[in-house]
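Enquirer: Here the sequence shown stands for residues -25 to -1, 1 to 1173, numbered as in mature numbering (1 follows the signal peptide of the UniProt record, and there is no 0).
Cβ atoms here follow ideal geometry from the backbone N, Cα and C, with glycine treated the same way.
Note that the coordinates shown come from a computational prediction; the quantities given were computed from them, not determined experimentally.
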Amino acid sequence: MLVFLSYSFIYRFFFIWFSFHPTDCTRQNFLESKLYDANFDTTTLEESYPGGRQIRVGCKVGYTGFFKIICTQGEWISKGTKCQPRSCGHPGDAQFADFHLEEDTDFVFGSKVVYTCHKGYQMVSRINYRRCLAAGWDGVVPVCEAQQCPLINVDDNVQVNGDPEEATFGNVVRFSCKSNTEILFGPTEIYCDESGSWSGDAPKCKAIKCEAPKIENGIVHGNNREYDEHEVLHFSCIDKYKRTEERPSKCTKIGLRAEWSPTPMCELVKCRLTLPPLEGTSYEPAYRNVFTPDEQVTVTCGKKYWISSPRDTSAVTTCTDTGEWTVRPICKEVTCSNQRDRHVYTWDVYWGQKITLGDTARYRCRSNYKSPDGSYIAKCTRDGWRPNPLCQEITCERQDIPHANIVNRKWSYKYNEVAKYECAEGYGGSPTRTCGGNGWTGDSQCTGEEMQNVLSLLAIHKLKTNSYQCFECKTKILCVKPDIQDADITSNKKERYRHSEQVQFECKNGAGKHFTVTCKHGNWTGIQSCAGKKRTTTTNTFLYNYVLSYTCNPGYKLYTNGWWGEAKCLGSEWSGLESAQCIEETKCGEIPAIPHAEMEHEHRAYEQNESIPIICKTGYQAQDDRLICQGGKWTLNGTSLETSTLPHVCARDNPCSQPPRIENAVVKPSYQQKFLSGSVVTYQCRAEYTMDEGNTGTLECVNGEWENKSIICTCKYIEKLSESQTTFRNILFVTAQPLVKMRSSLILLFLQLWGNVQVSVSQNVTCTELPYVPHAYLSEETERAQYLEGHVIHFTCEMGYISGPTIRYVCTNGGWVDIHKGPCYLRPCELPDDTPNGYYQLIHGAEFVFGSTIKYFCNEGYQMMSRVDTRTCMLNKWSNHVPICEALSCEPPPADGRIKINGLLDNEEPILPDRFLTFGCDDPGTYLNGSSMLICGKDGKWDKPFPSCEDITCQVKEMHNHLSVAGLSTANKTVKSGHTIWFQCNSPYILDGSEAIECLQSGEWSAPFPTCTKKCEVTGVPNNVHITPNVRNNHVRTGQKLRFTCRYRGHFLRGDAVVECLADGQWSAPFPTCGDPLGCDSPPPLADGDIKGSFRFQYSHGERVEYICQNLYEMLGGPFQTCENGKWLGTMRCLRPCTVDADVMSRHNIAFKYKRYDKLYAPHNDEIEFKCVTGRPYGTLNMRSRCIDGVMPLPTCR
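(1) Any beta carbon of chain D sitting closer than 7 Å to that of Arg579?
(2) Give me the Cα-Cα distance between Tyr202 and Phe823, rounded to the nearest whole angstrom.
(3) Which runs of the beta strand (DSSP E) fall wholly inside the segment 162 to 190 and span at least 3 residues, in chain order?
(4) Tell me the rounded alpha-carbon separation between Pro635 and Cys860.
(5) Among Cys742, Asp1051, Val272 and Ala751, which one has its Cα closest to the Cα of Leu763?
(6) For Cys119, tell me which candidate among Cys107, Glu7, Tyr90 and Asn132 has the shortest Cα-Cα distance.
(7) Pick out whichever of Ile782, Asn132 and Phe1046 has its Cα sitting closest to the Cα of Phe150.
(8) Let's see if you can read the secondary structure: which residues bound the beta strand (DSSP E) around Met839?
(9) May I ask you to report which of helix, strand or coil DSSP gives Val129?
(10) If we count Cβ pairs, one from each stretch, closer than 8 Å, do we get three or more for the segment 103 to 116 versus the segment 79 to 95?
(11) State buried or exposed for Leu243, treating a residue as buried only when at least 16 other CB atoms are found within 10 Å of its CB.
(12) Sort out for me which residues DSSP pairs Glu585 with in a bridge.
(13) Tell me whether the segment 247 to 264 and the segment 218 to 225 touch, counting them as touching only if at least three CB pairs, one residue from each stretch, are closer than 8 Å.
(14) For the segment 1031 to 1042 and the segment 1055 to 1068, state whether three or more C-beta atom pairs, one from each stretch, are separated by less than 8 Å.
(15) So what does DSSP say about Ile706, is it helix, strand or coil?
(16) Would you kindly check if the distance between the Cβ of Ile768 and the Cβ of Tyr752 is under 7 Å?
(17) Could you check which residue in Pro1170, Gly1050, Gly942 and Ala982 has the C-alpha nearest to that of Phe1027?
(18) So does Cys557 have its beta carbon nearer than 6 Å to some heavy atom of the ligand GTP?
(19) Closest to Gly1101 by CA distance: which of Asp1056, Leu880 and Asp898 is it?
(20) Would you give the residue range spanned by the alpha helix (DSSP H) that Leu6 belongs to?
(21) Since Met1167 is in the beta strand (DSSP E), which residue starts that stretch and which ends it?
(22) List the whole-angstrom C-beta distance separating Pro285 from Arg357, where the pair is believed to meet the contact cut-off of C-beta under 8 Å.
(23) In this structure, what does DSSP give as the bridge partners for Tyr38?
(24) Name the DSSP bridge partner or partners of His1010?
(25) Can you give the Cα-Cα distance for Glu77 and Tyr96, rounded to whole angstroms?
(26) Give, in chain order, every unbroken run of the beta strand (DSSP E) that is at least 3 residues long and sits entirely within the segment 456 to 496.
(27) Just to confirm, are Ile190 and Pro239 a CB contact at a threshold of 7 Å?
(28) Below 7 Å CB to CB, which residues in the same chain sit around Arg802 once its five sequence neighbours on both sides are set aside?
(29) Measure the C-alpha to C-alpha separation of Asn363 and Ser969 and round it to an integer number of angstroms.
(30) Can you tell me whether Ser(-7) is buried or exposed? The criterion is at least 16 other CB atoms within 10 Å of its CB, across all chains shown.
(31) Cutting at 8 Å between CB atoms, please list the residues of its own chain near Cys557, excluding the five before and the five after it.
(32) Which two residues bound the contiguous alpha helix (DSSP H) that contains Arg580?
(33) Taking 8 Å as the limit between beta carbons, can you name the residues of its chain near Glu206, skipping five residues before and five after?
(34) Less than 7 Å between C-beta atoms, sequence neighbours within five positions excluded: which residues of the same chain meet that for Gln427?
(35) Could you work out which residue in Asn380, Ile589 and Cys410 is closest to Cys398 when comparing CA atoms only?
(36) Which value, in whole angstroms, describes the spacing of the CA atoms of Phe958 and Asn383?
Here it is, written out as structure tokens:
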């Protein structure tokens, strides 16, 4: 209760106190209250105000508002709004400029706006801002003007398009060169940028040059930094990259720039396939056609196709680093050559015919040759024509007959070759056999002790008296005892002698002369005279050089021309009888020799109507192509072939020179090396030219001369132009006459209407000196002796000048007044016509006006065909015709059926520069000799010689001395692919290698050339020694090894257990023997070790010694070696310890981890752990290292 009363009392006390004593409000109270801010102006406020007082507070300069405060119970209470910044409104836009508020957020007192000129404009006002003040915005709106770039100075040879003097921001100036032979070095255009500067420097025109390019993945060769126009850039690509284009890159003007064309670039090497594949070819994988190096593709060929070789129908090819396939991924059709073999006489294959797998052809062989299988049908196989060869030489194997030996003995005989036999003793005769097409012909035998009739011909014996006597010549094989005058037989005297027996004679006159005669085919040879007289002949012989004439039986005739032949006795044989042959009279024999012809025929009788071809040599032409056998005589064109007509069968082919040149015409067909008689060429006029109607434009070669015919090509527009000029003259002539008559009557009216000139003819005023008009003269029509007022004169421009409207003057009282005053300026010409593949340049004058001259030039790769290459601007046209530029072309490659050419144009179109041809050989067994690609140069010449397809051959290597070969001529050093040769060795050598090898398509042999080696003889082997393998005939081949063992228990082998036969027929070591075991000498030393125990110089079989290693060395293997039959058996080695010292460790910045020594020895296979002295371990080695036979790799710390 006491507390309650106390609080109540206090409350009442204070209430009564304040109610009766109100508090004043002071200025300080206002300044410290929340109602105050810095925008009020309190300078007019008093220090205090009584309660209830209301006061208006003013705003500072730049601010506005209505704010009142009321003093209530000692506190200020507000009424109204506070002071706000005064608004200045929009500051104003500046042309080509923007502004932004830099201070404050609105356009009110104290704010500031800053103006910024647009891009390309500059502030020309000194101040770029405005402030909002109490009275509004201060200053004026700033001004921006466009930036102006300085004057551009260029060289005289630079053409400028644009305003280089007063260019402002955004203006562009373009440049070009005035001359076609120069290019810009610098920008083609520059612009005036926002800073008033040009975007680049003015370019210069210089000679065409290209800088050395930087080629990615490529290398530019040489040190040139600049290249002239048309100069070639030499560069190469790094591995696995190749040129993007094979054409050489040249410095070329392209547009306004000099650039490399084509652009020198290197691209990643890729191998490509053609999809879809060609006929007969398929690929795996089948969905890709681009491969990178080392990728592979499986190529599979169709039934009649091949790859790699005709027998291969599939192959795996790999993409190489050069972008080529290891095997060309294209299957080729199996074909056989259409070239006739030199031993084939005729066959059913025409020139250029394509022969494929399975095709057949009938053929005939030349004389002395026949078909191996007798079918005379050739079939095309994967190995070529079969049989192979189509024609083989007719040969007969040696044939023996009873009681005779072959005189000319050999293994085989050729066609028509005769084998001669010599009868054994007691037998007579001279048997022979002739090798024919079906084997041996002839059946004569040796007869016992009888005379053999070897020659039975109806003959005429020509005697010295020139009288003729018919007789039958019979020659005996046995000779009777010779009877020689003044000579006696001294040895072998008997009544009869066999062939080849000899008899010795001695002359009787005591001169001591001895000689020997021999029985040869029934005649004695070697007879000499003892008395100086002519020698005599024995019975049944003919004198030397006697002539025997012969002919054929009725119904037959000689094979050669003529009805009889001759044989001459030469010693013991007749010369001329060996070729004697009689044939039926209805058949034809020897073919006459036709000059300048190569006659292919067989030595045989030809049947009725059988024919043979006539092949004239180069430069000659046959009247007919065949000789025909008719009635036993050779005929040509149905008439008998006489000797006088033979030189005319093949007449000289007289060709014509190149066709004559016709102006404005070209020749079809194109260029040939020669034109034979009968060849026809056709002329074709060039564009814009025509030939007279009815003129065929053809010329024919007749006996080496072109026919004389007029061919003229006339311009199509000459006639039209003549007609136009005539019409124009007529028009002028008709129109000019009335104008002259009307001149005087109309001139005054014309002047008044046209020039508003008051004309009056006065007789008082005269005009003296005529006005001067350059390049003009007074017209004769208006020329007077005196000019009065009102007279009008005309001026005519000089030739080549024009004035537009006629230049006229009128005479007035003030002198001459021009009615139409104009200069005479040069008459312009229309723009000259361009010439295809060329361009023109002004060489005289500055513009295309009268008297100016232009000259035409051809582009690179073209040549000027017109005689005149300039044109001059005349009165109404350009002189001369537009010159013609024709492309330079390269000569087409010569026709060669063996070579394949890609890139030739159809219709025999010319081959233009930069065009390239690719060459290849498709025939099996051939390769390309020369470049596979030729480029036609700008000068119309090929950059390389034309390649050719050559036969793939294999080189015959040096052969062993004792090696015989079949199928190879001794003169041949090379053989063609597909050819096989066989080998055999002469006794006692044996063949080491293949018996037959073939020349492959790659030019390599299918196997190395074999050699001949001697056999090694197995002799002197003791009985107690066993040999393996078993040896037959005591001979073994080179390289064969023999192994030896002992047959009896307890015996040991003394020597090598294996012996090899060497190439020289010797053994690699002597044969061993068997016996009691042998002792051993002192044991071998051990490196870094020694023998444990005592050392001796001799040890018995079976004894052993022990080895030990030095300290810290570890033994590998061993430790014993045993004496075994004279040899120590057993192996061991001492492994070295490792040494690590302080110097080595300091170089590696390491130390021992657990040991404090300066040097440590570690045995083999022991480990040491290290620690870094400073730094951290570096590299891949662990800090723990192992010793391996004296080597310990150490770690390194950094």
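Expert: Taking the geometry as given:
(1) The structure shown contains no chain D, having only a single protein chain.
(2) 35 Å
(3) 164 to 166, 179 to 182 and 184 to 186
(4) 21 Å
(5) Cys742
(6) Tyr90
(7) Asn132
(8) Tyr837 to Met839
(9) coil
(10) yes
(11) exposed
(12) DSSP lists no partner for Glu585.
(13) no
(14) no
(15) With a pLDDT of 32 at Ile706, under the threshold of 50, the modelled position of this residue cannot be trusted; read the value that follows with caution. Three-state DSSP puts Ile706 in a helix.
(16) no
(17) Gly1050
(18) Although the ligand GTP was asked about, the structure shown includes no ligands whatsoever.
(19) Asp1056
(20) Arg2 to Glu7
(21) Where Met1167 is concerned, there is no enclosing beta strand (DSSP E), given that its DSSP letter is neither H nor E.
(22) 4 Å
(23) Pro60
(24) Glu992
(25) 21 Å
(26) 462 to 466, 477 to 482 and 489 to 495
(27) yes
(28) Gly775, Tyr776, Ile777, Val824, Phe825 and Leu850
(29) 21 Å
(30) Unreliable placement is indicated for Ser(-7), whose pLDDT of 43 sits below 50; the coordinate value is still reported in the next sentence. Exposed, since its Cβ has fewer than 16 Cβ neighbours within 10 Å.
(31) Cys527, Asn528, Tyr531, Lys532, Leu533 and Tyr534
(32) In the sequence as presented, Arg is not what sits at residue 580; that position holds Ala. From DSSP, Ala580 is part of no alpha helix (DSSP H); its letter is neither H nor E.
(33) Cys185, Lys225 and Cys226
(34) At Gln427, the pLDDT of 32 sits below 50, so the modelled position is not reliable and the matter cannot be decided from this model.
(35) Asn380
(36) 25 Å
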